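Below: one structure, written as structure tokens.
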Amino acid sequence: MGMLELQNVDKVYRSRGKPPVHAVRALDMTVKQGEIVALLGSSGCGKTSTLRMIAGFEDVTSGSIALDKRRIEALPPARRKVAMAFEGYSLYPPLTVRENIAFALKAQQLSRGEVTRRVDAIARLVEIEDILDAYPRAISGGQQQRVSLARALVRDADLYLLDEPMGQLEPQLRAVLRGRIKGLLAERGMTAIFVTHDQTEASALADRIAVMEDGILQQFASEKELKSRPANLFVASFIGEPPMNLLETELARADGGYRLSIGSDMAFHIPGGAIDAVARTMLDEMRHVRVGIRPQKVAVGTGDVRVRVVSNQWLGDQSHVAGECAGRLLIAVTPSKVAARPGDTISFGLAPRHLHIFGADGNCIRHAEVS
Ligand SMILES: Nc1ncnc2c1ncn2[C@@H]1O[C@H](COP(=O)(O)OP(=O)(O)OP(=O)(O)O)[C@@H](O)[C@H]1O
Ligand SMILES: [Mg+2]
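For what it's worth, my numbering labels the leading residue of the sequence shown as -13, then goes sequentially.
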């Protein structure tokens, strides 16, 4: 159980005296049964709004939501079989931690022994056994967050929605819980969507990542695909650390392929055979394109782009070298130490096969070849 289909979902917040806020736009998204999905995007891009519409705490302005082919967008939250852990925790102050978690099981009519067993098991998983008898006001923000998480995970639901479930926690505890939660979700075949700001967390936990910006789903794919085939400039610059190098270039036809150049300082030739017919038709209409290359694909010490070194840092397992050429900054990442000092001139190599090409609308026209 747990296949979720969002079709053309829109959310517009209207409040008197203020301009409407279009928080989610024409969202189409299908989450497979048993899949773990991360919603990733900058603050205000519509992640929480999306989860709240699925859970039923916020109406959809238009569009449909179906869970296992059953339309749910008009149902009250309690009838959706969706469990959600919030950003704001929202624990009941008069109940202890144990009672807060057990409360989520009320509708399931389990024996008292079974409730105790389940609460204990989930408390152990998120490491809150020692505060089960405390009241919410007497525990820390990080503990409250884990109680909220436990309260969602303890339920039998068709879908689990977790909004920044570990945002308040120390990195070490986060990493441990991440592993355990992943294990629990996988073992029970649970379908889950969680929100995060953290790319590492998204990659570690999720089968697929939905990248949102400005209320619009930019791309929904595996981490590998987002990195190797970013759909547009937003995804290209958002995913990956350090971000992809992006350069505005002039485009001209040359020798059956294309010449991409930046004044007389840098030029790349991309053979016609390396570009498919659809992309060729688009490129034939263009005079300027943006090219992108991952820092990890920029060769250091070889190649024909001469750069002036701006900084060179060894991070213990890799070097980050920033070089300037024709007023543009290029970042290269290599696994070895680089001898250059700021002010030195060295070579960078930008192989045409590693170049992504983006059109004026920001969409990717040609991806780098996978190597
Ligand atoms: N109840 C509301 N009334 C009016 N506007 C709202 C309301 N809730 C959210 N918004 C607006 O809708 C947009 C999306 O908000 P949302 O909370 O979904 O973003 P988010 O991606 O979860 O951000 P964050 O990472 O900061 O939690 C924002 O511009 C926000 O200000
Ligand atoms: Mg949010």
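Heads up, the beta-carbon is just placed ideally off N, CA and C, and yes, glycines get one too.
Nothing here was measured: the structure is a model prediction, and the numbers come from that model.
Return the residue from the list V68, F334, V7 that minimises the CA-CA distance to T177. One-based indexing of the sequence shown puts residue 177 at position 191. Relative to the Cα of T177, the nearest Cα in the group V68, F334, V7 belongs to V68.
Would you grab the beta carbon distance between I87 and A136 for me? Rounded to a whole angstrom, and I think it's under 8 Å. Taking the sequence shown and counting its residues from 1, one reaches residue 87 at position 101. Taking the sequence shown and counting its residues from 1, one reaches residue 136 at position 150. Rounded to the nearest angstrom, the Cβ distance from I87 to A136 is 5 Å, consistent with a contact under 8 Å.
In the DSSP output, which residue or residues are listed as bridge partners for G335? Walking along the sequence shown from the start, residue 335 turns up at place 349. Beta-bridge pairing links G335 to A285.
Whole angstroms is fine: what's the gap from S134's alpha carbon to S1's? One-based indexing of the sequence shown puts residue 134 at position 148. One-based indexing of the sequence shown puts residue 1 at position 15. The straight-line gap separating the alpha-carbon atoms of S134 and S1 is approximately 29 Å.
Compute the minimum distance between the beta carbon of V133 and the heavy atoms of ligand 2, and state whether it is under 7 Å. Numbered from 1 along the sequence shown, position 147 holds the residue referred to as residue 133. Within the chosen limit of 7 Å, ligand 2 does not reach the beta carbon of V133 with any heavy atom.
Nearest to R141 (by Cα), restricted to the options P216, M152, L118, L171: On the sequence shown, position 155 is the one that residue 141 refers to. Residue L171 is the option with its Cα nearest to R141.
Residues around ligand 2, please: the ones whose beta-carbon is closer than 7 Å to some heavy atom of it, in chain order. Those residues are K33, T34, E73, D149, E150, V181, given in chain order.
Span of the alpha helix (DSSP H), counted from its first residue to its last, around G165: In the sequence shown, the residue the question calls residue 165 occupies position 179. 157 to 174 is the span of the alpha helix (DSSP H), which, as asked, contains G165.
From N218, F224, G169, residue whose alpha carbon lies closest to that of T186: The residue labelled residue 186 in the question sits at position 200 within the sequence shown. The residue among N218, F224, G169 with its C-alpha nearest the C-alpha of T186 is F224.
Under a three-way DSSP split, which group does S297 fall into? As a first step, residue 297 is located in the sequence shown; it is residue number 311 there, counting from the start. The three-state reading of DSSP puts S297 in strand, counting E and B together.
Would you be able to state if there are at least three C-beta pairs under 8 Å between the stretch 259 to 277 and the stretch 312 to 325? With contact defined as three or more Cβ pairs closer than 8 Å, the stretch 312 to 325 and the stretch 259 to 277 are not in contact.
Below 7 Å, is the gap between the Cβ of V7 and the nearest heavy atom of ligand 1? Here residue 7 is taken as the residue at index 21 of the sequence shown, counted from 1. Yes, the Cβ of V7 comes within 7 Å of a heavy atom of ligand 1.
Please state the DSSP three-state secondary structure of K(-3). For the purposes of this step, residue -3 is taken as the residue at position 11 of the sequence shown. In the three-state reduction of the DSSP assignment, K(-3) falls in the strand class.
With A318 as the anchor, note down where its beta strand (DSSP E) starts and where it stops. For this step, residue 318 is matched to residue 332 along the sequence shown. The continuous beta strand (DSSP E) containing A318 extends over residues 314 to 320.
With distances taken from CA atoms, which of S29, R352, R11 is nearest T267? Mapped onto the sequence shown, residue 267 falls at position 281. Restricting attention to S29, R352, R11, the CA atom closest to the CA of T267 is found in R352.
With DSSP collapsed to three states, give me the class of V197. Within the sequence shown, residue 197 is the residue found at index 211, counting from 1. V197 carries a strand assignment under DSSP once its states are collapsed to helix, strand and coil.
Reducing DSSP to helix, strand and coil, say where D290 ends up. The residue given as residue 290 occupies position 304 in the sequence shown. Reduced to three states, the DSSP call for D290 is strand.
Rounded C-beta distance between E199 and C31? I'm assuming under 8 Å. Taking the first residue of the sequence shown as 1, we reach residue 199 at position 213. Taking the first residue of the sequence shown as 1, we reach residue 31 at position 45. Indeed, because the Cβ distance is near 5 Å, the residues count as touching under 8 Å.
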